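These notes concern the structure reproduced below.
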Amino acid sequence: MQTPSDWTRAAGALLDEMRRRAPLVHCLTNHVVTNFTANVLLAAGAAPAMIHDPEESAMFAGVASALLVNVGTIEREQAEAMRRAVASANAAGRPWVLDPVAVGALPLRTTLSAELVAQHPAMVRGNASEILALAGEGEGGRGVDSTQGVDASAEAAIGLAERTGAAVLVTGPVDLVVAPGGAAPVRIANGVPLLTRVTGVGCSQGALCAALCAAADGDARLAAVTAALLVGIAGERAARVSSRPGSFAVALLDALDEIDATILEAEGRVLA
Amino acid sequence: MQTPSDWTRAAGALLDEMRRRAPLVHCLTNHVVTNFTANVLLAAGAAPAMIHDPEESAMFAGVASALLVNVGTIEREQAEAMRRAVASANAAGRPWVLDPVAVGALPLRTTLSAELVAQHPAMVRGNASEILALAGEGEGGRGVDSTQGVDASAEAAIGLAERTGAAVLVTGPVDLVVAPGGAAPVRIANGVPLLTRVTGVGCSQGALCAALCAAADGDARLAAVTAALLVGIAGERAARVSSRPGSFAVALLDALDEIDATILEAEGRVLA
Amino acid sequence: MQTPSDWTRAAGALLDEMRRRAPLVHCLTNHVVTNFTANVLLAAGAAPAMIHDPEESAMFAGVASALLVNVGTIEREQAEAMRRAVASANAAGRPWVLDPVAVGALPLRTTLSAELVAQHPAMVRGNASEILALAGEGEGGRGVDSTQGVDASAEAAIGLAERTGAAVLVTGPVDLVVAPGGAAPVRIANGVPLLTRVTGVGCSQGALCAALCAAADGDARLAAVTAALLVGIAGERAARVSSRPGSFAVALLDALDEIDATILEAEGRVLA
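Residue numbers (the working numbering), protein chains in the order written: chain Z, 529 to 800; chain D, 529 to 800; chain G, 529 to 800.
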C-alpha cells in the first residue's frame, strides 16, 4: 500500500466489510460519552454494548467482536472490569483498543494505562500529549486537550508501536498512524476545528477503531487510517450543514450514516 | 376492549391523563441512556428523577409516582439500590416496570432479574430474546439486539405474565402485549427500523411504561399498549422528517411532544 | 453597578473574558447530565473535565480553573471525591460552585450539601425549594422541580449568602442573584418555559457559573448574573428556532455558541 488512493480504496473496502459484519463493540468507556459513543457506533453501522460489572465484563469481552477501553472517568471498580475484560478479549482472540484519556499527571489512569498497554492492544488512540505521556516522554495534556503537536509525538508513537505491537493513532489537525515492524507513518488531513467543540468525538472514534479492527482481520493500521478518515470526513460534511456545535453534532451522526466507500475514496486526504 | 379503535381511543385517553398528572418517574437505569430517558419523559409530558444511592433510592421510590428498573449496566451497588427501591415502591403501592436488558447469558443481571420479577412488577418490557430468557426458555440475545422474533416468544410471555401477574410488552417489528388472567394478546404494528439506530429508544420506552402505569390506575396492559403506540408513532413521524439517525433522534423527541390523543387514535395500528 | 445596562455591559465583558481564558472546569456532577454539561461548556467557550476517582479528583481540582459540585446522583464514593476536590480547590484558590440538587428530603445529599456549603463555595445555584432547604427553611422540592417561587426564597437566599460568603443564584421564571455584604438583590427576567423541558439545563448552568467564576476574579455575583443572562437569552433564541424540546435543545447549544457581548447587552433583561 503506497499511494493515497490505495489507502482510501482499502479504507472504503474495510468500511463496507465492517458494516457487513456489524460488529458488537464492548465499550468500557467514560461516563461523559457513553450515549454519544453508542450512537456513533450505530450511525456508522456497528453495534454497542456497555457492560460495567467486572464479572459480566470479563464474560462479555470474550463474546463481543471487539473491546474499547477508555480511561476518561476511571474509578477503581471500573479499572478491575477493564483488567478482566482485556484478559478475556486476549484469550478469545478479539482485538481491543486503548484510549488513554488524560494519561500522565493523574495517578490511577497513568498506572492503569501503563499496565494495560503491555497487554497487547491492537491499537492505541490518543492525542499527542497522551501518546507522549504513555510512551514515558511527556507529562500529559490539559484534560482531553493536547498541549503538544502531532509531529512532536511521532517518534514516541513509533517507539510505542514497536514496544507494544499496537498500531497507534495520534489525533490532531493532521492525524498520524504508525505501526510496528518499520511500517511507514501515514498522515490523514481530513477534519475541521468544530470536531473539538463536541464532547466525545475522540472517545467515540476509539469505539469506531475497535469496530473497524473487528473487521480488519489483524490489520489494525488500516483500521486506524479508516477511523481517522471516517471521523474527519464526517466532520467536514457536518460543517457544510452547520457552523455551530449543537446542530453540528447532529449532522455528524447523520454523516457517519451517509458516508460509504465511494465518499471515503473521493474525499479522503491521505498524505503519502 | 375488543376493536383496534377501542384500544387507540383508550390509549389516547391514558396519554391525556398521564400528561395531566405529569408523574415523577424514578429511573434506576443504565448509564448509557440516562440523559435520553430523561428527555423522552420530559418530551412526553412526565418528569424524570434519577437517584442512585441505595438509601436515597429506597426513600425516593416511595415518593415518586412510578419506578423503572433497567439492568443494562448493572453493578453490585446499583443492584442493591434496585432491591430497596422495588421494596419501597411495593410498600407504597407505586407501580414499577422491569426492563431485563440482555438477561440470559450474563450472571449478575440474570440472577437479579429473576429475583426482581418475582417482586410483583406492574410490567415487564423486553425484546423476544430477553423475554424468553427471563421466562427460562432461552439464552438471551446479542446485547440489546434480539436474536428471536416476537412470535417465538408469545407463549413464554404469556407464561411469564401468568406467573408474575405483570403485563408483558415484547418489542419488535410488531410489538406484543400480553397480560395475566387469560387476557387476549394485543399486537401493535407501528414503528420504523430507524428506531433501532438510536441508542436508548427501548430503554426510554421502559420509562414511558412506568409513567403510563402511574396514570393507568392498575391497567398495566393498557399502559403497555399505549407505550408501544406512542414510541411507534413517534418513530414514524420522525422518519418523515429525517432518514438519518442523528436528526431522527432529535425529531423523535419532538414527535413525542407533538403526539396527542387525536394523533394516537388516527395513526395507531393495533392488530385485533 | 446600578442600572440594568451596567449589568448587561459588565456581563458581556465577563463573557468575553471567559472565552479568552477558556477555563477548564472540573465537573463532579450527576450521571444524567455529564454529556450535555460538557457540550454546554464547549458551546459557551469553556472546557470540561470530569474526573471521578477520589484521589484523581483531589489532584485535578487544584489544576483546573474552577470546580462544579452537583449532588444530583450522589453516591458515597462520589461524595468522598467531592469532599477532596473541594478541599483541593480551596487550597489552590480556585472558585467552586455548589448545586444542591433535590436537597431537603433525601439524606445523603442533604447532609453532604450542608457540610460542603460551609466550605466556602464561590456560588450556590439552585431553585427556590433547594435554596430554602439548604438554608434550613424548607423541605425541598419534587426532584429537580421547585415547589416554591423564587420570591419566597429571597430572604433565605440572603441569609445563606451572608452565612456562607457565597453568591446565590436562585433560578425560576425570574432568576434572583444575591450576595453577602448587603449587596442589592438582582433579578434577571430572560428565559422561556421550554428550558424546563430539556434535562440538564439547570445543571449545566451550574458548570457555566463555575466557568464564569474562573474569569470573574472574585466577583461571583457578576458571574451569577452573567450565567442567568446567558442561559435565559440562549433559551429565548432557541425558542425562536424551535417550539419542541428535541430541536430546542440542539438550538440551545447553537445559541450558547452564538451569543456574544453585543447580544447579551441588547437582549439581557436585568430588573434593577
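Yeah, the Cβ is synthetic: ideal placement off N, Cα and C, and Gly gets one too. In this text, all values refer to a predicted model and were calculated from it rather than measured experimentally.
Rounded straight-line distance, which links the Cα of residue j to that of residue i
i, j, result
"D:R622", "D:E583", "18 Å"
"D:L757", "D:G600", "23 Å"
"Z:R768", "D:G774", "15 Å"
"Z:S585", "G:V696", "44 Å"
"Z:L634", "G:L644", "24 Å"
"G:C731", "G:C737", "10 Å"
"Z:V702", "Z:L556", "27 Å"
"D:L799", "D:G760", "14 Å"
"G:V753", "G:R765", "18 Å"
"D:V778", "D:P576", "18 Å"
"Z:A708", "Z:S681", "In the sequence under discussion, the amino acid at residue 708 of chain Z is Pro, which differs from the Ala named in the question. The straight-line gap from Cα to Cα measures roughly 15 Å."
"D:A711", "D:T531", "14 Å"
"D:A594", "D:A739", "6 Å"
"Z:A615", "Z:T692", "16 Å"
"Z:A794", "G:T565", "36 Å"
"Z:A538", "G:D782", "37 Å"
"Z:L780", "Z:L636", "32 Å"
"G:M546", "D:V568", "33 Å"
"Z:A646", "Z:N558", "21 Å"
"D:R725", "D:V560", "14 Å"
"G:A762", "Z:L722", "20 Å"
"D:E665", "Z:C741", "34 Å"
Reduced DSSP secondary structure (H/G/I, E/B, other) of residue i
i, result
"Z:D627", "strand"
"Z:G573", "coil"
"G:R797", "coil"
"D:G621", "coil"
"Z:I814", "Any answer about residue 814 of chain Z is impossible in this case: the structure gives chain Z only from 529 up to 800."
"Z:T724", "helix"
"D:A763", "One point to set straight first is that residue 763 of chain D is Gly, not Ala, in the sequence displayed. Residue state, collapsed to three classes: helix."
"D:G654", "strand"
"Z:I579", "coil"
"Z:L595", "strand"
"G:T699", "strand"
"Z:L736", "helix"
"D:I686", "helix"
"G:R715", "strand"
"Z:L634", "coil"
"Z:V560", "coil"
"Z:V678", "coil"
Within chain G, partners of residue i - CB distance below 7 Å
i, result
"Z:V560", "T562, N563, A566 and M578"
"Z:V778", "V778"
Proximity of residue i and residue j at Cβ, strictly below 8 Å
i, j, result
"D:L570", "G:T727", "yes"
"Z:D627", "Z:R604", "no"
"Z:L704", "Z:V678", "yes"
"D:A656", "D:V698", "yes"
"Z:A572", "Z:A589", "no"
"G:A694", "G:M651", "yes"
"Z:V631", "Z:T638", "yes"
"Z:A751", "Z:Q733", "no"
"G:L688", "G:A663", "yes"
"Z:V706", "Z:W535", "no"
"Z:L542", "Z:A748", "no"
Neighbour list for residue i in chain G, Cβ cutoff strictly below 8 Å
i, result
"Z:P773", "N567, L570, A571, L781, D782 and D785"
"D:M546", "Residues of chain G passing the Cβ test: none, with the nearest at roughly 15 Å."
"D:E584", "I602, L634, P635, L636 and R637"
Minimum Cβ-Cβ distance from residue i to chain A less than 8 Å
i, result
"Z:P628", "The structure shown has no chain A; the protein chains it does contain are Z, D and G."
Interface partners of residue i on chain Z, CB under 9 Å
i, result
"G:M587", "A633, L634 and P635"
"D:R797", "None at all; the shortest Cβ gap to chain Z is about 25 Å."
Under 9 Å from the C-beta of residue i: neighbouring residues of chain D
i, result
"G:G728", "N563, A566 and N567"
Interface partners of residue i on chain Z, CB under 8 Å
i, result
"D:E603", "H580, D581 and E605"
"D:R725", "L570, A571 and D785"
- Task: For the region 781-796 of chain D and the region 538-552 of chain G, state whether three or more C-beta atom pairs, one from each stretch, are separated by less than 8 Å.
- Result: No, the region 781-796 of chain D is not in contact with the region 538-552 of chain G.
- Message: Quick test of the definition: if touching needs 3 or more C-beta pairs under 8 Å, does the region 568-583 of chain D touch the region 606-619 of chain D?
- Response: Yes, they touch.
- Say whether the region 704-722 of chain G touches the region 613-633 of chain G, bearing in mind that this needs 3 or more beta-carbon pairs closer than 8 Å, one atom from each stretch. Between the region 704-722 of chain G and the region 613-633 of chain G, the count of C-beta pairs closer than 8 Å stays below three; the two stretches do not touch.
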